[in-house]
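A.B. asks: This note's numbering puts the first residue of the sequence shown at 5, with every later residue one more than the last. Just passing along the structure, written as structure tokens.
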Amino acid sequence: MLYGTQLWMDSDQESVAQSLPGEILRTIFVYTVKLASPPFPFQSTFHKYILSPSPNREPVSLTHVCTWWRDVALSIPELWLAVSASPEATRSTTPEVVRIWMAHASKILEPRQSRKRIGLDLQFAVPRITTIYDPHELKHMKETVPIIWENIRWCRSLNMCLDRQCLDLTFDILARNDDTGPAASFLEDLELMFTSNVSSCHLQLDAICTWMHSLPSLRRLKLQFVQIYNHFNLLLETLPLQKMEEVIISSRLSFENSLLCLSKCTAAEAITLAKMGWPIPSPVQLSDLLVNPTITLPHLTSLCLTDSVGPVILLRFLNLPSLKKLTICKSTPSPFDTSIINLEAFLLRSQCPLEVLTVSDSKMLHSYGTALLQMKTIKKVQNVDLGYHHSGRLLKLDFYRMASLSQGVKKLMAWVSFSDSHEHIGWKETLEPQEKLLYWIEDGFRLHEM
Numbered sequence: 005m006l007y008g009t010q011l012w013m014d015s016d017q018e019s020v021a022q023s024l025p026g027e028i029l030r031t032i033f034v035y036t037v038k039l040a041s042p043p044f045p046f047q048s049t050f051h052k053y054i055l056s057p058s059p060n061r062e063p064v065s066l067t068h069v070c071t072w073w074r075d076v077a078l079s080i081p082e083l084w085l086a087v088s089a090s091p092e093a094t095r096s097t098t099p100e101v102v103r104i105w106m107a108h109a110s111k112i113l114e115p116r117q118s119r120k121r122i123g124l125d126l127q128f129a130v131p132r133i134t135t136i137y138d139p140h141e142l143k144h145m146k147e148t149v150p151i152i153w154e155n156i157r158w159c160r161s162l163n164m165c166l167d168r169q170c171l172d173l174t175f176d177i178l179a180r181n182d183d184t185g186p187a188a189s190f191l192e193d194l195e196l197m198f199t200s201n202v203s204s205c206h207l208q209l210d211a212i213c214t215w216m217h218s219l220p221s222l223r224r225l226k227l228q229f230v231q232i233y234n235h236f237n238l239l240l241e242t243l244p245l246q247k248m249e250e251v252i253i254s255s256r257l258s259f260e261n262s263l264l265c266l267s268k269c270t271a272a273e274a275i276t277l278a279k280m281g282w283p284i285p286s287p288v289q290l291s292d293l294l295v296n297p298t299i300t301l302p303h304l305t306s307l308c309l310t311d312s313v314g315p316v317i318l319l320r321f322l323n324l325p326s327l328k329k330l331t332i333c334k335s336t337p338s339p340f341d342t343s344i345i346n347l348e349a350f351l352l353r354s355q356c357p358l359e360v361l362t363v364s365d366s367k368m369l370h371s372y373g374t375a376l377l378q379m380k381t382i383k384k385v386q387n388v389d390l391g392y393h394h395s396g397r398l399l400k401l402d403f404y405r406m407a408s409l410s411q412g413v414k415k416l417m418a419w420v421s422f423s424d425s426h427e428h429i430g431w432k433e434t435l436e437p438q439e440k441l442l443y444w445i446e447d448g449f450r451l452h453e454m
């Protein structure tokens with residue numbers, strides 16, 4: 005039995021299937037749904053799969069075989085707790101089927117949710133980024149979005165892709181409720197993707213932020229602004245960032261707003277700022293900002309800064325005493341950016357137990373790479389990954405200097421990653437399956453080559 009297949013049985017096969025013990029049926033049913041793949045761009049935090057409701061696919065089709073199968077299927081929470089209400093090409097995911105699914109999920113969750121922290125993983129995305137829908141798509145959206153909000157109280161994770169139509173529908177629903185919007189006391193994980201221009205949507209954004217403040221269990225927030233529409237600054241002052249344990253922001257930000265965002269995440273354990281896009285700040289900007297107190301984030305263990313010319317400059321303003329994982333990625337490489345050399349000052353100031361350091365900058369000068377590798381603070385890090393142009397070949401060509409840098413580390417390595425086609429240099433306990441070892445230096449004087 006496979007996800008999305010019809011089940012055909014003759015009478016003898018049907019009688020055998022109907023007599024299978026509940027535990028065997030449970031194993032089979034759960035296996036079928038785990039074969040499903042999550043639709044882009046959603047990756048459930050709590051489940052590795054997410055299903056589109058359809059009367060012709062599991063698990064809904066399982067309830068149509070016989071009473072015994074229906075009873076077993078409706079008793080298995082794993083079948084009903086990860087669902088996409090998005091329209092699909094086959095048009096079999098209808099608002100009516102979504103409502104039936106929600107009814108099954110609520111019956112499972114109602115007696116359990118107060119005792120266990122379980123809930124529904126729910127996703128909804130517009131079928132495509134557009135301003136013109138066909139009548140079927142518009143009808144599906146207008147009927148399905150209210151169903152989502154009617155059942156928001158069962159959600160543990162919510163992912164919504166909001167264009168202007170969907171944003172207006174959401175605002176109408178929030179406005180019809182009390183001041184804080186629909187109750188969702190179990191919602192822990194919220195992901196919102198804005199796919200259209202929201203610069204004129206102040207009321208809608210304020211309503212969403214007000215609703216976020218009413219969510220007592222919310223701990224993970226991911227906001228993404230796609231294409232040219234980057235208006236995170238409209239939300240920055242009103243978002244409940246102070247209570248988030250994990251914050252992921254993908255939006256064009258100014259350097260000042262990047263710092264402001266970080267300063268508000270006082271309880272965060274993991275922060276990702278992506279697609280920031282700001283250029284290297286001028287000396288005047290930096291001097292004005294340096295008069296402010298250093299931002300201390302005592303709980304932060306993972307920080308990822310990507311997609312600006314010099315993201316490491318932000319570290320000049322930060323003190324992160326608990327940091328274990330640091331990722332720096334430059335989207336617009338510049339050989340004139342020397343800020344990476346200031347990394348040691350940050351590590352000395354923070355005195356953090358850093359375990360993983362990843363730096364990706366295709367245009368970084370080899371002299372900067374070697375300068376990083378010889379820093380005492382970085383030699384204490386268990387896993388160091390520097391990705392820049394020809395770094396692997398430079399390990400071989402610059403062997404004598406690189407050999408001296410290998411003192412104090414178990415093995416200085418160069419490898420290539422098939423996921424980004426870049427060469428890398430550093431040291432790590434184990435290579436990933438998509439990584440291939442090129443060269444390595446052991447004992448400070450021997451070069452090995454694959």
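Where a beta carbon is used, it is the ideal one built from N, C-alpha and C, also for glycine. Note that the structure is a prediction, hence the values are computed from the model and not measured.
Would Gln228 and Met248 be called neighbours here (beta carbons separated by less than 8 Å)?
C.D. replies: Numbered from its first residue, the sequence shown carries residue 228 at position 224. Numbered from its first residue, the sequence shown carries residue 248 at position 244. Contact flag unset, no.
A.B. asks: Can you find the residues in the same chain that come closer than 8 Å, C-beta to C-beta, to His68, ignoring five residues on each side of it along the sequence?
C.D. replies: Mapped onto the sequence shown, residue 68 falls at position 64. For His68, where only same-chain residues beyond five positions count, the Cβ hits under 8 Å are Pro59, Arg74.
A.B. asks: Helix or strand or just coil, what does DSSP make of Gly391?
C.D. replies: Position 387 of the sequence shown, counted from the start, is the residue given in the question as residue 391. In the structure shown, Gly391 sits in a strand (DSSP, three-state: E or B).
A.B. asks: Ignore the nearest five residues each way along the sequence and tell me which others in Phe44's own chain have a CB closer than 7 Å to its CB.
C.D. replies: For the purposes of this step, residue 44 is identified with residue 40 of the sequence shown, where counting begins at 1. At Phe44 the pLDDT is 46, less than 50, meaning the model places this residue with poor confidence and gives no usable figure here.
A.B. asks: In the DSSP assignment, what are the bridge partners of Ala86?
C.D. replies: Residue mapping note: residue 86 aligns to position 82 of the sequence shown, counting from 1. DSSP links Ala86 through a beta bridge to Asp125.
A.B. asks: Quick check on DSSP: helix, strand or coil for Ala187?
C.D. replies: Sequence index remark: in the sequence shown, residue 187 carries index 183 (1-based). The answer is coil: DSSP assigns Ala187 none of H, G, I, E or B.
A.B. asks: Please state the DSSP three-state secondary structure of Phe422.
C.D. replies: Residue 422 sits at position 418 when you count from the first residue of the sequence shown. Correct three-state label for Phe422: coil.
A.B. asks: Quick check on Asn541: buried or exposed, where buried means 16 or more other Cβ atoms within 10 Å of its Cβ?
C.D. replies: Any property of residue 541 remains undetermined from this structure, which presents the chain solely from 5 to 454.
A.B. asks: Are the segment 433 to 448 and the segment 387 to 404 touching by the rule of at least three beta carbon pairs closer than 8 Å?
C.D. replies: yes
A.B. asks: Does the distance from the CB of Leu85 to the CB of Asp138 come in under 8 Å?
C.D. replies: Residue mapping note: residue 85 aligns to position 81 of the sequence shown, counting from 1. Residue mapping note: residue 138 aligns to position 134 of the sequence shown, counting from 1. Contact annotation: Leu85 and Asp138 have beta-carbon atoms that are not nearer than 8 Å.
A.B. asks: When the Cα of Val149 is compared with those of Ser161, Val130, Arg160, which residue comes out closest?
C.D. replies: For the purposes of this step, residue 149 is taken as residue 145 along the sequence shown, with counting starting at 1. Cα-wise, what sits closest to Val149 is Val130.
A.B. asks: Leaving out five residues on either side along the sequence, give the residues of the same chain with a beta carbon under 8 Å from the beta carbon of Cys159.
C.D. replies: To locate residue 159, count along the sequence shown from 1; it is residue 155. Hits under 8 Å: Gly123, Leu124, Asp125, Leu126, Ala188, Phe190, Leu191.
A.B. asks: What residues match up with Phe198 in a beta bridge as DSSP calls it?
C.D. replies: Counted from its first residue, the sequence shown places residue 198 at position 194. The partner list for Phe198 (beta bridge, DSSP) reads Leu166, Phe229.
A.B. asks: Tell me the rounded alpha-carbon separation between Leu263 and Phe321.
C.D. replies: In the sequence shown, residue 263 corresponds to position 259, counting from 1. In the sequence shown, residue 321 corresponds to position 317, counting from 1. The alpha-carbon atoms of Leu263 and Phe321 are separated by roughly 8 Å.
A.B. asks: Is the Cβ-Cβ distance between Leu369 and Leu390 less than 8 Å?
C.D. replies: As a position in the sequence shown, residue 369 is number 365, starting the count at 1. As a position in the sequence shown, residue 390 is number 386, starting the count at 1. Going by C-beta atoms, Leu369 is not nearer than 8 Å to Leu390.
A.B. asks: Cβ of Leu245 within 8 Å of Cβ of Val251?
C.D. replies: For the purposes of this step, residue 245 is taken as residue 241 along the sequence shown, with counting starting at 1. For the purposes of this step, residue 251 is taken as residue 247 along the sequence shown, with counting starting at 1. It is a contact, given that the beta carbons lie within the stated cut-off.
A.B. asks: Contact check, Thr300 vs Asn323 under 8 Å by CB: the rounded distance?
C.D. replies: Residue mapping note: residue 300 aligns to position 296 of the sequence shown, counting from 1. Residue mapping note: residue 323 aligns to position 319 of the sequence shown, counting from 1. So it is a contact: roughly 4 Å between Cβ atoms.
A.B. asks: How should Leu207 be labelled, buried or exposed, when 16 other C-beta atoms within 10 angstroms of its C-beta is the threshold for buried?
C.D. replies: Along the sequence shown, read from residue 1 onward, the residue named residue 207 stands at position 203. The residue is exposed, with fewer than 16 neighbouring Cβ atoms inside 10 Å.
A.B. asks: Cα separation between Leu24 and Ile156?
C.D. replies: Residue numbering aside, residue 24 sits at position 20 when the sequence shown is read from its first letter. Residue numbering aside, residue 156 sits at position 152 when the sequence shown is read from its first letter. Computed Cα separation, rounded: 35 Å.
A.B. asks: For Gly412, which of Phe422, Met379, Arg353, Lys440 has the nearest alpha-carbon?
C.D. replies: Taking the first residue of the sequence shown as 1, we reach residue 412 at position 408. Closest option to Gly412, Cα to Cα, is Met379.
A.B. asks: Would you mind sorting Met454 into buried or exposed? The rule is 16 or more other CB atoms within 10 Å of its CB.
C.D. replies: Here residue 454 refers to the residue found at position 450 of the sequence shown. Per the 10 Å Cβ criterion, exposed.
A.B. asks: For Leu213, which of helix, strand or coil comes out of DSSP?
C.D. replies: Stepping through the sequence shown from its first residue, residue 213 is reached at position 209. Inspection of the sequence shows that residue 213 is occupied by Cys rather than by Leu. If DSSP states are grouped into helix, strand and coil, Cys213 belongs with the helices.
A.B. asks: On the DSSP bridge list, what partners appear for Gly430?
C.D. replies: Within the sequence shown, residue 430 is the residue found at index 426, counting from 1. Answer by DSSP bridge pairing, in chain order: Asp389, Met417.
A.B. asks: Could you compute how far the alpha carbon of Leu416 sits from the alpha carbon of Met280?
C.D. replies: On the sequence shown, position 412 is the one that residue 416 refers to. On the sequence shown, position 276 is the one that residue 280 refers to. If I take the Cα positions, the gap works out to 32 Å.
A.B. asks: Would you give the residue range spanned by the alpha helix (DSSP H) that Ala349 belongs to?
C.D. replies: Along the sequence shown, read from residue 1 onward, the residue named residue 349 stands at position 345. Run containing Ala349: 347 to 354, per the alpha helix (DSSP H) assignment.
A.B. asks: Mapping the DSSP letters down to three states, classify Trp282 as helix, strand or coil.
C.D. replies: Translated into the one-based positions of the sequence shown, residue 282 becomes position 278. In the structure shown, Trp282 falls within a coil segment according to DSSP collapsed to helix, strand and coil.
A.B. asks: Pick out whichever of Ser291, Ala107, Leu361, Leu166 has its Cα sitting closest to the Cα of Cys205.
C.D. replies: Counted from its first residue, the sequence shown places residue 205 at position 201. Looking only at Ser291, Ala107, Leu361, Leu166, the smallest Cα-Cα distance to Cys205 is reached by Leu166.
A.B. asks: Taking the alpha-carbon of Leu435 as reference, which of Asn261, Ile177, Ala274, Ala418 has the nearest alpha-carbon?
C.D. replies: Taking the sequence shown and counting its residues from 1, the one referred to as residue 435 is at position 431. If we check each option's Cα against that of Leu435, Ala418 comes out closest.
A.B. asks: What residues are listed by DSSP as bridge partners for Arg450?
C.D. replies: Here residue 450 refers to the residue found at position 446 when the sequence shown is read from its first residue. In the DSSP output, where bridge partners are listed per residue, Arg450 has Glu446.
A.B. asks: Identify the continuous alpha helix (DSSP H) that holds Leu266 and give its terminal residues.
C.D. replies: Taking the first residue of the sequence shown as position 1, residue 266 is located at position 262. That run of the alpha helix (DSSP H) goes 259 to 268.
A.B. asks: Going straight from the alpha carbon of Asp365 to that of Leu293, what length do you get?
C.D. replies: Position 361 of the sequence shown, counting from 1, holds the residue named residue 365. Position 289 of the sequence shown, counting from 1, holds the residue named residue 293. Looking at the two C-alpha atoms, the distance is approximately 25 Å.
A.B. asks: Along the chain, where does the alpha helix (DSSP H) containing Thr305 start, and where does it finish?
C.D. replies: Position 301 of the sequence shown holds residue 305. Premise fails: Thr305 is in no alpha helix (DSSP H) and is neither H nor E.
A.B. asks: Does DSSP classify Ile54 as helix, strand or coil?
C.D. replies: On the sequence shown, residue 54 is found 50 positions in, with the first residue counted as 1. In this structure, Ile54 counts as coil in the three-state DSSP scheme.
A.B. asks: May I have a chain-ordered list of the alpha helix (DSSP H) segments no shorter than 4 residues that lie completely inside the segment 138 to 162?
C.D. replies: 139 to 154
A.B. asks: Does Ile80 come out as helix, strand or coil in the three-state DSSP assignment?
C.D. replies: For this step, residue 80 is matched to residue 76 along the sequence shown. Coil.
A.B. asks: Suppose the cutoff is 8 Å on Cβ atoms and the five residues either side in sequence are ignored; what does the same chain contact list for Thr342 look like?
C.D. replies: Position 338 of the sequence shown, counting from 1, holds the residue named residue 342. Excluding sequence neighbours, Thr342 sits near Tyr372.
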